[in-house]
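Report on one structure; see the data block that follows.
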Amino acid sequence: MMKKLTFCTILLVFLCNTGFTQFKKYDFETGKMGSPFKIIVSTADSTGLAKVVGEAFSYAEDLENQLSDYRATSDVSIVNKLAGTGHFYAIKKQFKAILIESLEAKNLSQGRLNVFAGKLVQEWRKSRKNKILPDSLMLARMSKDIAGDCIEFSKDSSSIRLINSTCQIDFGSIGKGFVAQEVVNFLVKSGFPQVLVDAGGKIVCTQVNENGEKWKVGLELPQSKELADKLILVSNSAIASSGNTYQTLSLNGKVYSHVLDPTTGWALEHSKSATVLSDDGARADWIATAATIVPIELLKEIIGKFKDLKILVWQKNAGKLEINFNNNLL
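Under the working numbering, the residue at position 52 of the sequence shown is numbered 136, and the numbers go up by one with no gaps.
Structure (structure tokens):
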């Protein structure tokens with residue numbers, strides 16, 4: 085998960101027009117995972133709302149304590165420290181759930197989205213800070229080490245261990261979407277079924293009111309005056325974006341993205357970006373990232389595995405916007 089404040093390549097602007105006069109919109113915001121974390125509840129009865137939202141923020145904090153590699157005492161940090169030692173570590177059900185989704189992402193993307201690429205991510209973080217490219221031989225060695233099996237589950241699947249020290253878990257391409265989905269589920273179970281959660285630009289929502297009215301989401305293209313010519317209507321869905329607008333490294337006339345291809349170890353050099361609309365927050369998050377890495381033909385295979393998934397992939401060439409692939413998003 086990201087520690088510094090970041091923004092999506094597509095900025096998401098959500099609008100609420102309830103249509104039901106008795107429904108009111110309540111906004112709450114805090115900071116989680118290095119980004120603004122927003123909860124919007126649409127309800128006709130706000131009794132107990134503040135308490136439930138406080139509990140939702142606490143739940144998000146618990147998830148960050150499990151999944152953030154920036155926290156030295158988090159579960160994922162402890163698992164990473166034990167890598168290669170042979171010791172198992174007990175994980176919670178949420179950790180297991182995001183790990184299983186991440187393993188599916190690795191499989192479907194043919195390794196181009198690899199949850200065990202934590203060491204590669206760390207090397208490129210240092211490069212962006214120091215303005216020096218990582219050693220190419222080191223990157224190649226790390227890519228080879230994480231290409232195969234990296235993880236082993238205990239017999240009862242309650243604990244895990246990483247097979248070698250190069251294998252380091254990083255949930256950066258899926259974590260915010262996962263947390264947003266978990267918090268939405270929590271709020272619905274707590275008696276507030278009309279909600280929207282924005283975890284640093286990864287959005288998960290139900291519907292605006294009991295009449296089924298949808299949230300209106302506008303897609304804004306950063307560093308451009310262009311805007312999508314229509315709003316996207318969203319309910320019971322998740323939307324996420326990925327691209328190289330922020331956290332780039334510029335050296336020797338080249339621009340390196342914060343997004344990596346774990347099969348080579350190198351940061352992407354193209355300007356491709358993607359937005360995904362899915363029925364699950366974690367899935368929308370990782371597919372948006374995968375769409376900027378994998379070839380279009382493989383992307384088509386991936387999205388064919390999921391029902392009603394919508395996606396837009398584009399890039400800028402010589403300052404001109406070009407849509408590479410549009411699967412029913414616009």
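Ideal Cβ positions, reconstructed from N, Cα and C, are used throughout, including at glycine.
Asked: Supposed close pair D369, I258 - CB separation, criterion 8 angstroms; Found: 5 angstroms
Asked: Inter-stretch contact (C-beta, 8 angstroms, three-pair minimum) for the stretch 335-348 and the stretch 146-164; Found: no
Asked: Expected contact under 8 angstroms - CB spacing of N411 and K400 to nearest Å; Found: N411 to K400, Cβ: 20 angstroms. No contact.
Asked: Validate contact between the stretch 382-389 and the stretch 268-277 using beta carbons, cut 8 angstroms, 3 pairs; Found: no
Asked: CB contact flag (L396, T373, <9 angstroms); Found: no
Asked: Distance between I323 and F409 (C-alpha atoms, nearest Å); Found: 17 angstroms
Asked: At least 3 beta-carbon pairs within less than 8 angstroms: the stretch 342-362 vs the stretch 189-202; Found: yes
Asked: Cut-off 8 angstroms between Cβ atoms - residues of its own chain near N83, not counting five sequence neighbours on either side; Found: Because the chain is modelled from 85 through 414, residue 83 falls outside the range shown and cannot be assessed.
Asked: Completely contained beta strand (DSSP E) runs for the stretch 373-405, where each covers 3 or more residues; Found: 394-401
Asked: Beta carbon of K116 nearer than 9 angstroms to that of S130; Found: no
Asked: Residue environment, L183, which counts as buried when at least 16 other CB atoms sit within 10 Å; Found: buried
Asked: V341 to E294 span [Cα, whole Å]; Found: According to the sequence shown, residue 341 is Ser rather than Val. Straight-line Cα distance between these residues: approximately 42 angstroms.
Asked: F112: first and last residue of the uninterrupted beta strand (DSSP E) it sits in; Found: 108-116
Asked: Those residues which DSSP pairs with W299 across a bridge; Found: V318
Asked: Unbroken alpha helix (DSSP H) run spanning V263, endpoints; Found: 259-273
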